[in-house]
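Number 520 in full-length UniProt numbering belongs to position 520 of the sequence shown; there are no gaps in the numbering.
Backbone N, C-alpha and C fix where the C-beta goes; we use that ideal spot for every residue, glycine too.
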Amino acid sequence: MRGDEEWSTVPNLVRAAARRYGDREAVVEGRTRITYTELGERVERAAAACMASGVEPGDRVAVWAPNTLDWIVSALGAVTAGAVLVPLNTRFKGTEAAYVLERSRAKLLFVTGTFLGTSYVASLRRADIELPHLETVVVLADTAPADYVTWKDFLAGGERISSGRVRERADAISSSAPSDIIYTSGTTGRPKGAVISHAQTLRCYEIWSELAGLREGDRYLIVNPFFHTFGYKAGVIACLMRGATMIPQPVFNVDTVLANIAAERISVLPGPPTLHQSLLDHPARSSHDLSALRLVVTGAAVVPLQLVERLRTELGIATVLTAYGLSEASGIVSMCRRGDPAEVIASTSGRAIPGTEIRVLAAPGEPGEVLVRGFNVMRGYFEDPETTAATITSDGWLHTGDVGVLEEDGSLRITDRIKDMFIVGGFNAYPAEIEQLLGLHPDVADVAVIGIPDPRLGEVGKAYAVRRPGSTVTAEDLIAWSRREMANYKVPRAVEFVTELPRNAGGKVVKGELRGRARG
1 MRGDEEWSTV
11 PNLVRAAARR
21 YGDREAVVEG
31 RTRITYTELG
41 ERVERAAAAC
51 MASGVEPGDR
61 VAVWAPNTLD
71 WIVSALGAVT
81 AGAVLVPLNT
91 RFKGTEAAYV
101 LERSRAKLLF
111 VTGTFLGTSY
121 VASLRRADIE
131 LPHLETVVVL
141 ADTAPADYVT
151 WKDFLAGGER
161 ISSGRVRERA
171 DAISSSAPSD
181 IIYTSGTTGR
191 PKGAVISHAQ
201 TLRCYEIWSE
211 LAGLREGDRY
221 LIVNPFFHTF
231 GYKAGVIACL
241 MRGATMIPQP
251 VFNVDTVLAN
261 IAAERISVLP
271 GPPTLHQSLL
281 DHPARSSHDL
291 SALRLVVTGA
301 AVVPLQLVER
311 LRTELGIATV
321 LTAYGLSEAS
331 GIVSMCRRGD
341 PAEVIASTSG
351 RAIPGTEIRV
361 LAAPGEPGEV
371 LVRGFNVMRG
381 YFEDPETTAA
391 TITSDGWLHT
401 GDVGVLEEDG
411 SLRITDRIKD
421 MFIVGGFNAY
431 PAEIEQLLGL
441 HPDVADVAVI
451 GIPDPRLGEV
461 GKAYAVRRPG
471 STVTAEDLIA
481 WSRREMANYK
491 VPRAVEFVTE
501 LPRNAGGKVV
511 KGELRGRARG
């Protein structure tokens with residue numbers, strides 16, 4: 001299934017996959033198993049329902065749910081109806097989700113009922129943010145509050161829209177139109193929406209599929225969250241391109257991963273290094289048949305050479321690759337190639353993907369800020385021309401905010417982050433955003449957050465806080481409060497109280513000094 005005429009947009013891809021891979025298994029979720037033909041039909045029904053509910057081309061439609069078949073169907077249905085998909089992080093609290101809904105002016109929201117013991121509906125209702133543009137909330141469950149709609153009733157509403165009208169709507173979508181807006185936090189502490197087009201998405205993940213060697217008949221366990229480019233595009237989109245079977249896993253749990261690999265004969269398992277490390281170290285590993293595994297793609301953190309070698313030798317995985325990307329560059333900038341030595345795969349993020357350039361603002365072999373230029377660079381931040389202009393130069397270079405070294409062979413080694421970001425078990429955590437939230441605590445006068453090493457998650461947050469006069473707030477109090485107010489991966493695992501934060505002449509906190517103190 002090659003050829004741009006079939007793949008000019010995501011809806012074209014869904015239809016082409018249904019036609020080409022018809023009876024092949026598309027999605028497996030528990031006892032539910034659907035073919036590519038059935039997936040195409042479900043997506044068309046969801047698109048009809050979106051149209052019936054008033055979704056027009058270019059409207060934003062959000063999905064706030066874990067990795068499930070319903071996520072795939074609702075998201076692809078919305079995009080087929082001409083909408084721009086806005087995936088919401090499942091770790092968000094109601095206020096965080098409402099901010100993105102308000103900022104994107106989402107017209108329709110698909111939301112899960114309950115996930116990990118949290119009612120997303122209740123969480124959203126508690127958020128004190130006006131959402132005048134949000135016309136319809138569809139609960140992906142059998143029951144819904146009076147002013148929301150159940151998934152079943154929503155789909156029933158689309159029955160009056162013919163498949164011919166759905167196809168007409170889908171065929172009118174331009175390849176240059178936005179397909180999604182991925183909200184990513186930054187140094188400003190507020191999420192910004194990276195706008196990516198259909199053409200960019202398809203070209204990037206055709207390249208990803210080619211470099212990874214994804215093939216028809218592969219069985220792909222998608223543990224990476226769908227709200228993230230890695231889960232949605234290197235997962236769902238790539239599988240649609242190659243006719244691979246998707247097995248979505250809503251929560252990362254190593255016991256479930258092992259059981260799924262054995263029961264479903266999983267051959268493809270991308271994810272952060274922590275996923276693969278916990279798999280290798282699991283005491284019950286030997287009692288599961290993992291022999292079908294053949295492809296692992298990792299990144300998002302430093303990858304130990306020992307991990308690459310253990311995956312190859314202990315699990316017999318033929319292809320282990322590393323990659324680097326960011327939402328502003330469609331999720332992919334560089335990638336290792338099959339056949340690269342283990343040292344290259346472990347120590348670098350590979351070379352620039354075809355059609356893109358990487359530049360480092362430093363002398364050869366020296367660390368500097370990584371810049372990227374090419375077809376993968378976002379169209380800009382949604383309705384934020386100032387930040388866009390500050391991020392993308394007039395001649396098309398995207399400032400990534402990451403520090404790296406470009407090796408002589410073109411391989412990129414990421415060494416640090418200008419943006420101060422740290423990665424907690426594969427999730428990007430931004431100190432500016434966490435500091436902003438901690439600053440809302442009535443007993444906190446000043447605060448700075450850094451990432452510190454953690455054996456299980458790679459890195460976790462540590463907060464240095466200054467108490468308000470007369471306050472007796474403890475570290476335990478602040479951590480407990482944080483757990484109620486922010487997504488789990490953002491919660492500092494340690495709090496140290498100080499009389500004042502170290503600042504430079506310009507008034508900025510000297511994070512290097514705090515990191516030195518944490519190491520000391």
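| Item | Value |
| --- | --- |
| Should the region 50 to 59 be called in touch with the region 451 to 460, which here means at least 3 C-beta pairs below 8 Å? | no |
| Among 366, 137 and 356, which has the Cα closest to the Cα of residue 375? | 356 |
| When the Cα atoms are used, what is the spatial distance from residue 333 to residue 108? | 31 Å |
| Go through its chain and collect everything with a Cβ distance to residue 205's Cβ below 6 Å, but skip five positions before and after it. | 233, 237 and 238 |
| With a floor of 3 residues, list each beta strand (DSSP E) that falls wholly inside the region 295 to 362, ordered by position along the chain. | 295 to 299, 319 to 324 and 356 to 360 |
| With a cut-off of 8 Å on the beta carbons, I'd call residue 458 and residue 425 a contact; round off their distance for me. | 6 Å |
| With three or more beta-carbon pairs closer than 8 Å as the criterion, would you say the region 268 to 278 touches the region 291 to 301? | yes |
| Does residue 214 come out as helix, strand or coil in the three-state DSSP assignment? | coil |
| Please return the same chain residues whose Cβ sits closer than 6 Å to the Cβ of residue 491, not counting the five positions on each side in sequence. | 482 and 483 |
| With contact counted as at least three CB pairs below 8 Å, one residue from each stretch, are the region 246 to 256 and the region 344 to 359 in contact? | no |
| What does the Cβ neighbour count give for residue 433, buried or exposed, with the cut at 16 atoms within 10 Å? | buried |
| Compare the C-alpha of residue 337 against each of 388, 213 and 219 and name the closest. | 213 |
| On a Cα-Cα basis, can you pick out the residue from 406, 474 and 199 that is closest to residue 377? | 199 |
| Given that a residue counts as buried once 16 or more other Cβ atoms are within 10 Å of its Cβ, and exposed if not, what is residue 179? | buried |
| Report, in whole angstroms, the separation of the C-beta atoms of residue 444 and residue 475, which I expect to be a contact under 8 Å. | Not really, about 12 Å apart at Cβ, beyond 8 Å. |
| Does the contact criterion of 3 or more C-beta pairs under 8 Å hold for the region 109 to 118 versus the region 63 to 78? | yes |
| Looking only at C-alpha atoms, which of 261, 184, 121 and 275 sits nearest to residue 387? | 184 |
| For residue 96, count the other beta carbons within 10 Å of its own beta carbon; 16 or more makes it buried, fewer makes it exposed. Which is it? | buried |
| Please name the residue in 190, 68, 118 and 174 whose C-alpha comes closest to that of residue 102. | 190 |
| From what residue to what residue does the beta strand (DSSP E) around residue 192 run? | 192 to 197 |
| Which residue wins for smallest C-alpha separation from residue 487, given the options 284, 324, 88 and 29? | 88 |
| Residues in the same chain with beta-carbon distance under 8 Å from residue 197, minus the five sequence neighbours each way, listed in chain order, please. | 175, 176, 177, 178, 179 and 379 |
| Go ahead and label residue 48 buried or exposed: buried means 16 or more other beta carbons lie within 10 angstroms of its beta carbon, across all protein chains shown. | buried |
| Could you say which of 105, 161, 335 and 340 lies nearest to residue 84 if we only look at CA atoms? | 105 |
| Can you check whether the CB of residue 495 is closer than 9 Å to the CB of residue 463? | yes |
| Tell me the rounded alpha-carbon separation between residue 524 and residue 216. | Given that the chain is displayed from residue 1 to residue 520, the structure contains no residue 524 and the question cannot be resolved. |
| Check each candidate in 414, 7 and 203 and name the one with the smallest Cα separation from residue 366. | 414 |
| Going by beta carbon distance, what residues of the same chain come within less than 7 Å of residue 160, once the five residues before and after it are set aside? | 52 |
| Quick one: what does DSSP say residue 406 is sitting in, helix, strand or coil? | strand |
| Which residue or residues does DSSP assign as beta-bridge partners of residue 522? | Lying outside 1 to 520, the shown extent of the chain, residue 522 is not represented and no answer is given. |
| Roughly how many whole angstroms lie between the Cα atoms of residue 339 and residue 321? | 9 Å |
| My understanding is that residue 542 touches residue 220, with C-beta atoms under 8 Å, so please give their C-beta distance in whole angstroms. | For the chain, the structure presents residues 1 to 520; residue 542 sits outside this window and is missing. |
| What are the residues that DSSP puts in a beta bridge with residue 184? | 192 |
| Could you tell me if residue 277 is buried or exposed, where buried requires 16 or more neighbouring beta carbons within 10 angstroms of its beta carbon? | buried |
| Suppose only complete runs of 3+ residues qualify. What are the beta strand (DSSP E) ranges in the region 215 to 255, listed by chain order? | 219 to 222 and 245 to 248 |
| Can you give the Cα-Cα distance for residue 90 and residue 441, rounded to whole angstroms? | 24 Å |
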